Each structure stands twice: as C-alpha cells, then as structure tokens.
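Asker: To start, I am sharing the structure in question, which I have written as structure tokens.
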Amino acid sequence: MPSPTDSRILTLDAIRGVAVLGILLMNIVAFAMPSQAYINPLAYRGDTPLDIAVWATNFVFADGKFRGLFTALFGASMLLVATRAEAKGENPALVHYSRMSWLLLLGAVHALAIWYGDILILYAAIGMIAFLFRDLPVRNLVVAGLCLIVAQAAYLGAGLIEIARLRELATAPGASSDIAAQWHALDTAFAAPSRDALAADIAHYRGSYAEILADRLGPDFWRPIRNNFTWPFDTLGLMLLGMAGLKSGFLTGEWDRRRYARIAAIGYALSIPPLALLALWMLARGFDVVSVTAGDFALKTLFNAPMTLAHAALLLVWIKAAAGGALLARVAAVGRMAFTNYVATSLICTTIFYGYGLGLYGGLDRATLYLVVPAVWALILLWSKPWLDNFAYGPLEWLWRSLARRKFQPMRRARS
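First residue of the sequence shown: 27, per my numbering; consecutive thereafter.
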C-alpha cells in the first residue's frame, strides 16, 4: 500500500480517468433516448445491423464495466483518504463521514437539478458502510467483495421467481383481467413504448428546464433512488475489491507487467464468451422480461467482474508502457477531476439533448449517438490538464473538500 504521505498516485488517477470517460458509452443512451432503449436496442431507433452491433459491443465490453472501475477506484480512494487522515493525526471516521454526507447532498443536487441518472447518492450511502471494512486484510476484502457480487446476482435473479409465478397465474384458465394486465405490463416492460408514450417522453425532454425540473421535483422525485438502489450489493463489493486492490499493490502498479497481462487475458477469457452468448440470447428472445432479468441483470453482474478486472489490468499494462506520455498525463488529469468531469458530462449531454439546449433528444439513431461520445471526451481531455496546471483541484473537488473540512481550501496551485 502506498505511503500515507504520498501525494497523487498516477495509476489511480489514470484508471479513474478512463472510467469516468467510459461510463458515457452507456449513459449516452440514457441521455438521448427513452429509458427502454438502454436495455433493448429494438425499443427505439436501434434495429439496423449497425445499431445492433453497437449495442452488442457495448453490452459485452462497456455496460457495467466502467461503472465497476469507477466504483472500485472510489473504494480505493476512500481507503487512501482515511489512511492519510490517520497519518496526520486526524480522526479518519470524522473525515470520511463528513465527506460522504456532503457527497450525498451534492449527489442529490446533481440528480434533481441536472440529470436523474446520478450515482453519487449511491456511492455516498454505500461508502458509509464500506468504511467499516477498511481494516480487513486483502484476502478477506476479496472474499467479501466477490460474495457481495454473487449476492447481487442472486438478488436480481430472484425476480425470475415472481415472473414465473405471475406468468403461471396469468395464463391459467379463468385468469382475472387484473392478473392478465399485470403480466402484460411486466412482459412488455422492455419493449418499444407506445406511440403516445413515446410522443409524451420526447415532448417532456424537449421541454423547458422549468418543466423538466418540475417533473424531477414531483412525479420523478424518487427516480434516482429507485435507479441507484437496485445495485447495493455489487456496489459495496466493488468498493471492497478496490480497497483490496490498493492494499495489495495491484491498483498502484506495483506488480510485474507480465502478471498484469496474464490477469487481463484470463479475465477476458472468462467474460467475453458468456457475455457474447447472453447478448445473442436476449436478441433472439426479443428482449422479453425473462431474458432481460436473467441475462442483463443477474448473469451479466457475475461476468462483469472478470471483465472489469481485465480492463484494470490492461490499463495498468498501458500505464507502465506510457509513463511520461502526453496522453497518459491528460487521462490522469481527467481522473484527478473525476467528480467535476462526471457532473460536467451530465451538463454537456443534457445541453445537447434536452429542450433547453439543442433539443436533440430522440432525434438520433443508436449508432449516430456514438459520434457524440468522442466529442465529449475530447472536451474533457482538453480542459482537465490546463485547469490542473493552474489550480490544485477541480471545481467540484475543491467545493467538496472545502465543505467536508469546513473551511475554504487553497485553490491556486503553489508556484515553485
């Protein structure tokens, strides 16, 4: 584990930078299309071979994997902050819970004022629990983390029992109209929205900021909570694995490059074939409720873990090879400002797609959306390093740190 007196750790910053950029590969659909399209490409403007290929590639390599990296890095950073606070003679629990409390509030502001797809609320809440595990040895952290990921898959897969029960009741002779209606609503939950529902959804997100905000503060007030707390167990598990990665030296680049390459190869071998088969299975079944619940929710959760590990190992191979390079420096700067850049991505994308900006919501097919992603990445890569050349923190990192420590932190970078 790094010394408590070390400042920035390049590997953590760079992996976090890739993670915050990579999350947009899936979130771009949530910014720009009806919610059903996030899981089912056939639900809205995604039925061409190119659209399907884009969906499948993201399902296998991106969906949940960059969130996994981001979550693991959050756990590692949480442990690092606590360790450094303790080394300075501060109370690590007081420092940590102050940070998580303010993050919870800032996440709520993000969810209500900018975009409903916030994950900061979840990180703050689960981070309060993860802190209690920080003193466990590496082996115990790994075992606990993996068990929690399995528990998440079981929790999501348990929905199949209710689905089977409802289907049996709905298809039985003499089934009531209420039961039949419940089954129909569930069975078509991930299907294309009706024409009226689609028109209402597009009109809503192409509306004014005041109209969208009123909906967030009214009917959609609890949507971020519902979205976030579908994933409590694997979020905690990934944070614990991040702590293990920090303690073991895996995330700090202390292992041999060949070992990282071997881990990446094993992780991809364990994850790519089953994830590809799940994608084909869901597509063949038309993204019905059974295939989505089993494939996209439960089983994908299990296979995301080795893929996330493989991504991390491959990135560490690159970081070791690219040390001192200009691209690595820019990616690391993105990671140092991950909080700011995560929220900035929401601001950029809602401005592009919502009615108070360019109003492109619902206007692009799935494949075309991915022309927007590199443009957003370019903006973030271009601005992060120049900012940090002049300032000690990103704007939101400075705000968070100042609030948590109850005093304004120095913003300007000290000149030597």
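Where is the CB? At the ideal position from N, CA and C, for every residue including glycine.
Note that the structure is predicted; figures quoted are calculated from it, not measured.
Can you tell me which of the three DSSP states residue 434 falls into?
Answerer: Looking at residue 434 - three-state DSSP - the assignment turns out to be coil, as it is neither helix nor strand.
Asker: Do residue 20 and residue 341 have their CB atoms nearer than 8 angstroms?
Answerer: In the structure as shown, the chain begins at 27 and stops at 442. Residue 20 is therefore absent and cannot be evaluated.
Asker: Going straight from the alpha carbon of residue 404 to that of residue 272, what length do you get?
Answerer: Whole-angstrom Cα-Cα distance: 29 angstroms.
Asker: May I have the straight-line CA-CA distance separating residue 96 from residue 46, to the nearest angstrom?
Answerer: Rounded to the nearest angstrom, the two C-alpha atoms are 7 angstroms apart.
Asker: Find out if the Cβ-Cβ distance for the pair residue 264, residue 143 is shorter than 8 angstroms.
Answerer: No.
Asker: Give, in chain order, every unbroken run of the alpha helix (DSSP H) that is at least 4 residues long and sits entirely within the stretch 61-123.
Answerer: Fully enclosed alpha helix (DSSP H) runs of 4 or longer: 62-65, 75-87, 91-113.
Asker: Out of 303, 261, 270, 334, which one is the CA nearest neighbour of residue 289?
Answerer: The shortest Cα separation from residue 289 among 303, 261, 270, 334 belongs to 334.
Asker: Here's a check: name, in chain order, each residue in its chain whose Cβ is nearer than 8 angstroms to the Cβ of residue 426, leaving out the five neighbours to either side.
Answerer: 125, 128, 129, 132, 365, listed in sequence order.
Asker: Determine the direct distance from the alpha carbon of residue 221 to that of residue 157, and round the result to whole angstroms.
Answerer: One C-alpha to the other measures close to 47 angstroms.
Asker: Look up residue 417 in the DSSP assignment and say whether it is helix, strand or coil.
Answerer: Strand at residue 417.
Asker: Once DSSP output is grouped into helix, strand and coil, what is the label at residue 374?
Answerer: Correct three-state label for residue 374: helix.
Asker: Take the Cβ of residue 475 as the centre, count every other Cβ of all protein chains shown within 10 Å, and call the residue buried at 16 or more, exposed below.
Answerer: Here the chain covers residues 27 to 442 and nothing more, so residue 475 does not appear.
Asker: Check this for me: beta carbons of residue 259 and residue 178, under 8 angstroms apart or not?
Answerer: Their beta carbons are under 8 angstroms apart, which means residue 259 touches residue 178 by this criterion.
Asker: Do the stretch 150-169 and the stretch 57-68 meet, that is, are 3 or more Cβ pairs less than 8 angstroms apart?
Answerer: No, the stretch 150-169 is not in contact with the stretch 57-68.
Asker: Within a Cβ cutoff of 7 angstroms, which residues of the same chain sit near residue 433, ignoring the five residues on either side of it in sequence?
Answerer: Cβ neighbours of residue 433 beyond the five flanking positions: none.
Asker: Check whether the stretch 178-191 touches the stretch 317-335, counting contact only when three or more Cβ pairs, one atom from each stretch, lie closer than 8 angstroms.
Answerer: Short answer: they touch.
Asker: Quick one: what does DSSP say residue 231 is sitting in, helix, strand or coil?
Answerer: If DSSP states are grouped into helix, strand and coil, residue 231 belongs with the helices.
Asker: Quick check on residue 314: does DSSP put it in helix, strand or coil?
Answerer: Coil.
Asker: Look up residue 329 in the DSSP assignment and say whether it is helix, strand or coil.
Answerer: Helix, per DSSP.
Asker: Would you mind stating whether residue 422 and residue 359 have Cβ atoms separated by less than 8 angstroms?
Answerer: Not in contact: residue 422 and residue 359 (Cβ atoms no closer than 8 angstroms).
Asker: Check whether the stretch 385-399 and the stretch 72-84 touch, using three or more Cβ-Cβ pairs below 8 angstroms as the test.
Answerer: Touching, yes.
Asker: For residue 206 and residue 190, what's the separation of their Cα atoms in angstroms?
Answerer: Those two C-alpha atoms are separated by around 13 angstroms.
Asker: Could you tell me the distance, in whole angstroms, from the CA atom of residue 281 to the CA atom of residue 159?
Answerer: Their Cα atoms are separated by approximately 24 angstroms.
Asker: Please list, in chain order, all residues of the same chain as residue 283 whose beta carbon is under 7 angstroms from its beta carbon, the five residues on each side excluded.
Answerer: Only 343, 346 meet the Cβ criterion.
Asker: Where residue 167 and residue 269 are concerned, what is the direct C-alpha to C-alpha distance, given to the nearest angstrom?
Answerer: Going from the Cα of residue 167 to the Cα of residue 269 covers about 7 angstroms.
Asker: Is DSSP giving residue 379 helix, strand or coil here?
Answerer: Residue state, collapsed to three classes: helix.
Asker: Give, in chain order, every unbroken run of the alpha helix (DSSP H) that is at least 4 residues long and sits entirely within the stretch 135-176.
Answerer: Listed in chain order, they are 146-156.
Asker: Quick check on this structure: which residue in 286, 332, 204 has the alpha carbon closest to the alpha carbon of residue 267?
Answerer: If we check each option's Cα against that of residue 267, 332 comes out closest.
Asker: Which value, in whole angstroms, describes the spacing of the CA atoms of residue 295 and residue 37?
Answerer: Taking the straight line joining both Cα atoms gives about 24 angstroms.
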